[in-house]
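This report refers to the structure that appears directly beneath it.
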Amino acid sequence: MTSKSFPRVGLRLALAGALGLVLGGVSALAEDVPKSAQARAKARSQKAQEKRAGGEEKKTPTHEEILKAIAEAAPDHPEWKEAAAQELKKPEAERPEWVDMLVDIVTGSQLGPTDGWFRRAVAQTRFDWKDVAKRYDRDGDDEISRSEYPGSDADLARLDRDHSGALDEEDFDFSPHSLAPTPGLALFMRADRNGDGRLTPEEMAAFYKQADRDQQGFVSLQEMQEAFRPSKPLKGSSGGPDGPKTDTLIRGLFRQEIGALQPGPALGEAAPDFTLKTTDGTKSFTLSEHIGGKPLVLIFGNVTCGPFRSHGGNIEKLARRYNGRANFAMVYVREAHPTDGWAMESNDRVGVTVAQPKSYDERIKSAELCTGRLKLGLPVLVDTIDDAVGGRYSGMPGRFYVLDGKGRVAYKSGRGPFGFKPAELEQSLILLLQEDFPGSSGTGERAASAKAR
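Mapping of the sequence shown onto the working numbering: residues -6 to 446, in sequence order.
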């Protein structure tokens, strides 16, 4: 099987779009941006599929074709082919998630939010709408009013996502994936020049200055449209214009760069214990020693994952907001887009060019680059070079967990990048605090200021 270009849609399109490379030609403030962007993606997908398959729908490859693809992509790793051969013998319902991903990669799938392992690896929480309504909706009117919710005003305001003054089913709907194009996402990614997940006044001013090309003191509609026009690929970019090849994705799958092979602990299960060192090597963090008095939020991620970086500000604000009420820790895992793997032009644009670490010391350097750039304000633990923790938690390329006071999983995000939803994590954290830690009130910064008064 010859190496072929992977479709520039699905995961490839979503990653590029989230980094400001494809959301062009329309105003970022237009109400119809998500719909039009999705329509363009669908059209590109259909055109690419027709071109590759001569107008015929791509068929699922046979087991022999899948094994041949692995052998051609990684002739020096016969154990990968053997592992796949063993799993393919099982009924589909009994196969691990990574087999779904392998099949769709070889098929030429878009790898969108409903393809590969993304079909099964969705978020899990103790606090879905039905359970929460059963607990708090005393009058049965399908909403939870201020008088019915026992928590603080601050917590209720965070839960009330549509700002209606009460909680309802819509507040619990996180079905859109995290890379779904929206006006806010387009503007944020265009203006966040250093890719650290934060917009500063200086960056907003720089974006305004760039958009106001004639320096007339205002930005016209045409200028705003031009500001969101797709950027041209950088000369010599490691990402390349045509997306990753099939063999690149196969190698990335088995190397656990595009995702961990294990599914991770499920909702209600005990989180596996581990001990890891911090980036400076001076402290060790043992999970079991941080279980008990407060919920524990675990963040898995790496610096070459652009969608993870884009949530740097979200993660920092979460840690600040719930300081004193919950503990936070990040586990630094295997690179998602190293220069010697599925390299991304978007990383080149912000100066994140990192090869896959081959030693623990090299991984520490990558983690230091991440902490220096993102400044999350929480302990950053460096996973072992054999990915012992990231593998067990299905933490590659990134994932979020909330553990309760007994060390059980109360919330588990979907696989990254589509499952990166800090607001979904926050909702479960607030409700866990209310249910298991009712003595906790307010939020970290608000509680601190209240005590000071």
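Ideal Cβ positions, reconstructed from N, Cα and C, are used throughout, including at glycine.
If you follow the alpha helix (DSSP H) that Lys74 is in, where does it begin and where does it stop? Pro71 to Leu81
C-beta atoms of Val324 and Phe293 nearer than 7 Å: yes
For Lys74 versus Leu60, is the C-beta spacing smaller than 7 Å? yes
What whole-angstrom Cβ distance do Leu450 and Leu289 have, given they're in contact under 8 Å? Residue numbering for the chain in the displayed model covers -6 to 446; residue 450 lies beyond these limits and cannot be assessed.
Of the residues Arg342, Pro54, Ala76 and Pro106, the one placed nearest Phe413, counting alpha carbons only: Pro106
Reducing DSSP to helix, strand and coil, say where Tyr394 ends up. strand
Taking a contact to mean a Cβ-Cβ separation below 7 Å, would you say Pro415 touches Asn307 in this structure? yes
Can you tell which of Asp429, Phe430 and His70 has the C-alpha that lies nearest to the C-alpha of Leu245? Correcting the residue identity first, residue 245 is Gly in this sequence and not Leu. Here the closest residue by C-alpha is His70.
Closer than 8 Å is the cut-off here; do at least three beta carbon pairs connect the stretch 373 to 389 with the stretch 246 to 255? yes
So what's Val115 in DSSP terms, helix, strand or just coil? coil
Give a yes or no on whether the C-beta atoms belonging to Val447 and Leu362 are separated by under 7 Å. This structure leaves residue 447 out entirely; the chain is present only between -6 and 446.
Looking only at its chain, what residues have a beta carbon closer than 7 Å to the beta carbon of Glu163, apart from the 5 residues adjacent to it on each side? Asp155
C-alpha gap between Ala199 and Arg186, whole angstroms: 9 Å
Helix, strand or coil for Leu269 per DSSP? strand
Distance, Pro372 Cα to Glu24 Cα: Low per-residue confidence applies at Glu24: pLDDT is 35, beneath 50, and the placement is therefore not dependable, though the value from the model is reported in the following sentence. Distance between the alpha carbons of Glu24 and Pro372 is about 40 Å.
With DSSP run on the structure shown, which of helix, strand or coil describes Lys238? strand
Buried or exposed for Pro410, going by 16 or more other Cβ atoms inside 10 Å? buried
Straight-line Cα distance separating Leu178 from Ala66: 35 Å
Rounded separation between Asp429 and Ser339 - CA only: 42 Å
Closest Cα partner of Asp205 within the set Thr275, Glu219 and Leu192: Glu219
Measure the CB-CB distance between Gly383 and Asp376 and report whether it falls below 7 Å. yes
Mark Tyr201 as exposed unless 16 or more other C-beta atoms lie within 10 angstroms of its C-beta, in which case mark it buried. exposed
Helix, strand or coil at Thr100 according to DSSP, with G and I counted as helix: helix
In its own chain, which residues sit with a C-beta less than 6 Å from the C-beta of Arg191, not counting the 5 before and 5 after it? Gly306
Pairwise C-alpha distance: Gly210 and Lys238: 46 Å
Could you give the uninterrupted runs of the alpha helix (DSSP H) lying entirely in the stretch 281 to 345, keeping only those of 4 residues or more? 299 to 302, 305 to 314 and 338 to 342
What residues are listed by DSSP as bridge partners for Thr279? Thr268
Ends of the beta strand (DSSP E) at Lys405? Val402 to Lys405
Got a sec? Which residues, its chain only, sit under 7 Å from Ala62 by beta carbon, not counting five neighbours each side? Met(-6), Val99, Thr239 and Ile243
Rounded to the nearest angstrom, how far is the Cβ of Gln103 from that of Leu260, given a contact under 8 Å? The pair is not a contact, with the Cβ atoms about 28 Å apart (cut-off 8 Å).
State yes or no: is the C-beta of Arg385 within less than 7 Å of the C-beta of Pro265? yes
Element boundaries [alpha helix (DSSP H), containing Val125]: Trp122 to Tyr129
Can you tell me whether Met337 is buried or exposed? The criterion is at least 16 other CB atoms within 10 Å of its CB, across all chains shown. buried
Which of helix, strand or coil DSSP assigns to Ile137: strand
What number of angstroms, rounded off, separates the C-alpha of Ser303 from the C-alpha of Pro223? 19 Å
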